[in-house]
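> The structure that follows is given in the form of structure tokens.
In this note's numbering, the protein residues as written are 5 to 456.
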């Protein structure tokens with residue numbers, strides 16, 4: 005076996021002549037090392053979603069402890085998203101200038117420190133400040149880690165791992181709920197916030213295991229470092245797979261990019277597209293999630309039953325990942341986006357109209373299937389629209405628009421619910437998600453098999 009590997013390495017060196025690091029990275033399958041890198045990137049987002057989702061479960065306790073009225077409680081819920089909106093814009097640009105790994109580490113350090121600091125909140129002003137700073141870190145980590153992951157995995161495996169990244173969202177939210185149930189009765193809200201901050205220690209794995217993106221290094225002219233990382237990935241992949249496919253040459257631009265290039269002729273169409281698909285998707289998602297328990301209570305269920313039904317629905321995220329992985333490779337990104345929009349809209353409306361317990365549970369799971377499928381396609385599709393030199397800048401701007409939707413969704417839908425009722429709110433919020441699916445299907449470029 006050792007002799008076979010040596011021969012393969014010699015042949016590989018001949019194959020690699022004339023190809024860039026990006027050409028070579030596009031064909032390298034996972035090895036134990038890259039699997040470990042992927043694990044820590046996924047755990048970084050998983051830890052983030054625990055912190056992000058935990059406050060929704062703690063809101064009644066936090067409001068009572070700090071004597072917040074409903075309006076102040078709403079502001080506290082939104083202050084994190086405001087931080088994420090700002091963090092995503094700046095972190096995306098910083099990652100394109102100074103590196104993916106450094107920016108991820110700084111973002112995790114920011115939200116981790118703020119998460120621990122929340123435990124010691126003496127008053128509401130301190131609480132708001134720490135939650136805003138936590139949002140800066142959360143918003144900064146998400147788009148940069150997405151871009152980093154898309155540049156580490158091979159083209160063929162990108163659908164599996166990019167959508168798996170978003171699968172961490174329902175898992176993290178569910179864990180946040182479990183932590184709240186187990187810890188709150190014994191250690192109050194401070195104990196829950198402490199438990200939610202501890203997973204930020206996954207930053208140690210990011211520091212020790214994850215290299216800088218070789219594609220970013222190459223784009224910055226640091227070809228020696230990029231080649232060393234790529235050589236290591238190839239050697240590890242050969243040790244596992246024996247041989248690698250021949251790379252294909254991809255035409256790329258070496259031109260440096262700036263924020264304003266997102267609005268140049270080359271990127272303007274996809275930048276506008278990203279605005280609509282991210283804003284509308286997050287407007288509907290977080291807007292409806294905020295009031296979903298209330299809507300179910302209006303159907304006659306108590307708060308425990310309503311919370312339980314919402315939690316059961318989260319299970320729809322698991323089949324969504326399997327479907328996204330298969331469909332994005334089989335039918336492409338555009339058709340899968342359209343399927344996600346149709347499922348979310350159709351089953352969301354059916355969910356709102358359901359009156360029997362069985363139908364409510366089934367349509368709830370199917371609605372969440374469509375919602376998470378849409379979120380997974382956003383994570384997969386957006387990094388594929390931009391070249392390496394501007395990828396995290398574009399990704400950061402796109403997700404910041406999503407955070408803006410997250411802020412406005414609960415507020416606007418609250419007004420809709422007051423004026424037109426809970427059912428109409430459910431119908432409108434669910435039906436909106438067909439718009440991103442149609443926009444991508446009709447106007448978006450197909451990025452299936454896109455190499456970068």
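Using N, Cα and C, we set each Cβ at its ideal position, and we do this for glycine too.
1) At a cut of 8 Å, does the stretch 324–336 reach the stretch 371–391 through at least three beta carbon pairs?
2) For residue 33, which of helix, strand or coil comes out of DSSP?
3) Anyone know if the C-beta pair for residue 174 and residue 384 falls short of 7 Å?
4) Quick one: give me the first and last residue of the alpha helix (DSSP H) that residue 334 is part of.
5) Leaving out five residues before and five after residue 6 in sequence, what residues of the same chain have Cβ atoms less than 8 Å from its Cβ?
6) Please state if the CB of residue 44 and the CB of residue 210 are separated by a distance shorter than 7 Å.
7) Closest to residue 447 by CA distance: which of 435, 278, 349 and 417 is it?
8) How many Å lie between residue 445 and residue 281 at the Cα?
9) With 16 as the cutoff for other CB atoms within 10 Å, does residue 386 come out buried or exposed?
10) Report yes if the C-beta distance between residue 301 and residue 288 is below 7 Å; otherwise report no.
11) Does residue 388 pass the burial test, meaning 16 or more other C-beta atoms within 10 Å, or should it be called exposed?
12) CA-CA distance, residue 179 and residue 323?
13) Measuring CA to CA, which of 413, 27, 61 and 24 is closest to residue 186?
14) Determine the direct distance from the alpha carbon of residue 354 to that of residue 409, and round the result to whole angstroms.
15) For residue 27 and residue 251, which I take to be in contact (beta-carbon distance under 8 Å), what is that distance rounded to the nearest angstrom?
16) What are the complete alpha helix (DSSP H) segments, minimum 4 residues, inside the stretch 372–453?
17) If we ignore side chains and look at the alpha-carbon of each, how far apart do residue 232 and residue 177 end up?
18) In this structure, does DSSP put residue 123 in helix, strand or coil?
19) From the DSSP output, in three-state form, read off residue 206 for me.
20) Can you tell me which of 433, 395 and 453 puts its alpha carbon nearest to the alpha carbon of residue 3?
21) Hey, is the stretch 136–150 in contact with the stretch 77–96, meaning 3+ C-beta pairs nearer than 8 Å?
22) Helix, strand or coil for residue 241? Go by DSSP, reduced to three states.
In this structure, then:
1) yes
2) coil
3) no
4) 321–334
5) Its pLDDT being 37, under 50, residue 6 is placed unreliably in this model, and the value from its coordinates should be taken loosely. Result list for residue 6: empty, nothing under 8 Å.
6) yes
7) 278
8) 11 Å
9) buried
10) no
11) buried
12) 18 Å
13) 61
14) 24 Å
15) 4 Å
16) 395–424, 426–435 and 438–447
17) 38 Å
18) coil
19) helix
20) Given a span of 5 to 456 for the chain in the structure shown, any question on residue 3 remains unanswerable.
21) yes
22) helix
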